[in-house]
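Undergrad:
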Amino acid sequence: MYWTDSRAWSPFEELRGLQREMNRLFDGYDSGAAMSRFPALNVWGNADSVVVAAELPGLETEDIDLSVVNNQLTIKGERKGDKPAEDAVCHRSERDAGKFVRTVRLPFAVENDQVAAKYE
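So the sequence shown is numbered by UniProt numbering: it starts at 1 and just counts up by one.
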């Protein structure tokens, strides 16, 4: 039996391919992954409108900045951390704090002068 593929087999190329797949699989699971997925969004719409609902618990309107550019909605803000008592010892800290940016492409062209936002 003869090898008909003219390319030489390389174990190093196989390892590079495996590394690329592992990087793709774990992309976003670094230390900043939680904040990169904040806020959680739902996007739905019909032929002439789109609604984006975002979960922004604990934020005030002055902590949030919204913009629509090139049919992409960007939500920026900062979640403040808890202020424990000076003599308190932290036993667990799971709530993320800090600046965040989340951009989502809208499903169709948007007229910027028709964009409206409300905070409930």
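Beta carbons: idealized from backbone N, C-alpha and C, even for Gly.
1) If you drop the 5 nearest sequence neighbours on each side, which residues of the same chain put their C-beta closer than 7 Å to that of A117?
2) Can you grab the Cα-Cα spacing for the pair A109 / A8, in whole Å?
3) Output yes or no for whether 8 Å exceeds the beta carbon distance between T61 and T103.
4) Taking 8 Å as the limit between beta carbons, can you name the residues of its chain near V68, skipping five residues before and five after?
5) Spatial neighbours of D82 within its chain, please: CB distance less than 8 Å, with the 5 preceding and 5 following residues excluded, ordered by chain position.
6) How many angstroms separate the CA atom of E120 from the CA atom of P84?
7) Using a Cβ-Cβ cutoff of less than 7 Å, which residues in the same chain neighbour N42 once the five nearest sequence positions on both sides are dropped?
8) For the beta strand (DSSP E) holding L59, just list the boundary residues, first then last.
9) Look at the alpha carbon of F100 and the alpha carbon of R92, and state the distance between them as a whole number of angstroms.
10) The beta strand (DSSP E) with K99 in it runs from where to where?
11) Can you tell me which residues form a DSSP beta bridge with N42?
TA: On the basis of the coordinates in this document:
1) Counting from one through the sequence shown, the residue named residue 117 turns up at place 117. Its chain contains L66 as the residues whose beta carbon lies nearer than 7 Å to that of A117, once the 5 sequence neighbours on both sides are disregarded; these appear in chain order.
2) Looking up residue 109 in the sequence shown gives position 109. Looking up residue 8 in the sequence shown gives position 8. When rounded, the distance between both Cα atoms is 48 Å.
3) Sequence index remark: in the sequence shown, residue 61 carries index 61 (1-based). Sequence index remark: in the sequence shown, residue 103 carries index 103 (1-based). No, they are not a contact pair.
4) To locate residue 68, count along the sequence shown from 1; it is residue 68. The answer, listed in chain order, is T74, L106, V110, N112 and V115.
5) Translated into positions along the sequence shown, residue 82 becomes position 82. Excluding residues within five positions, the ones whose Cβ falls inside 8 Å are R95 and A97.
6) Translated into the one-based positions of the sequence shown, residue 120 becomes position 120. Translated into the one-based positions of the sequence shown, residue 84 becomes position 84. Here the C-alpha atom of E120 lies approximately 28 Å from the C-alpha atom of P84.
7) Counted from its first residue, the sequence shown places residue 42 at position 42. For N42, same chain residues with a beta-carbon under 7 Å away, outside a window of 5 residues either side, are A53 in chain order.
8) The sequence position of residue 59 within the sequence shown is 59, counting from 1. Where L59 is concerned, there is no enclosing beta strand (DSSP E), because DSSP gives it neither an H nor an E.
9) Here residue 100 corresponds to residue number 100 of the sequence shown, with the count starting at 1. Here residue 92 corresponds to residue number 92 of the sequence shown, with the count starting at 1. Looking at the two C-alpha atoms, the distance is approximately 22 Å.
10) Taking the sequence shown and counting its residues from 1, the one referred to as residue 99 is at position 99. Here the beta strand (DSSP E) through K99 covers G98 to R105.
11) What you label residue 42 is simply residue 42 of the sequence shown in a count that begins at 1. Per DSSP, the beta bridge partners of N42 are A53.
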